[in-house]
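S.K.:
In our numbering, the protein residues as written are 5 to 88.
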């Protein structure tokens with residue numbers, strides 16, 4: 005059980021990194037059009053689109069990445085509780 009929880013937590017950590025990179029790419033013009041940017045977009049968009057549909061953007065700023073990271077951290081904490 006512990007090894008499964010460890011694997012899931014590692015996957016959550018890696019996906020959190022993908023979301024942070026996705027957010028950082030929005031700061032650089034043309035970065036999301038690169039091959040790397042397209043890969044990150046394909047990985048992050050399905051998850052973030054769920055939050056985009058639920059949360060309106062405020063002043064043109066989307067908080068979907070922030071909410072997505074918070075949800076992943078809550079899931080990771082829940083897995084930590086299951087471990088013990």
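Where a beta carbon is used, it is the ideal one built from N, C-alpha and C, also for glycine.
#1: Shortest alpha-carbon distance to residue 59 belongs to which of 49, 71, 48 and 50?
#2: Please report how far the alpha carbon of residue 86 lies from the alpha carbon of residue 64, in whole angstroms.
#3: For residue 123, list the residues DSSP reports as bridge partners.
#4: Classify residue 20 as helix, strand or coil using the three-state DSSP reduction.
#5: If I measure Cβ to Cβ from residue 68 and keep anything under 7 Å in the same chain, skipping five residues before and after, which residues do I get?
#6: Assuming residue 45 and residue 26 are in contact, meaning their beta carbons sit under 8 Å apart, how far apart are those beta carbons, in whole angstroms?
M.R.: Quick look at the numbers:
#1: 71
#2: 39 Å
#3: Here the chain comprises residues numbered 5 to 88, so residue 123 is not present and cannot be evaluated.
#4: helix
#5: 52, 55, 56 and 59
#6: 7 Å
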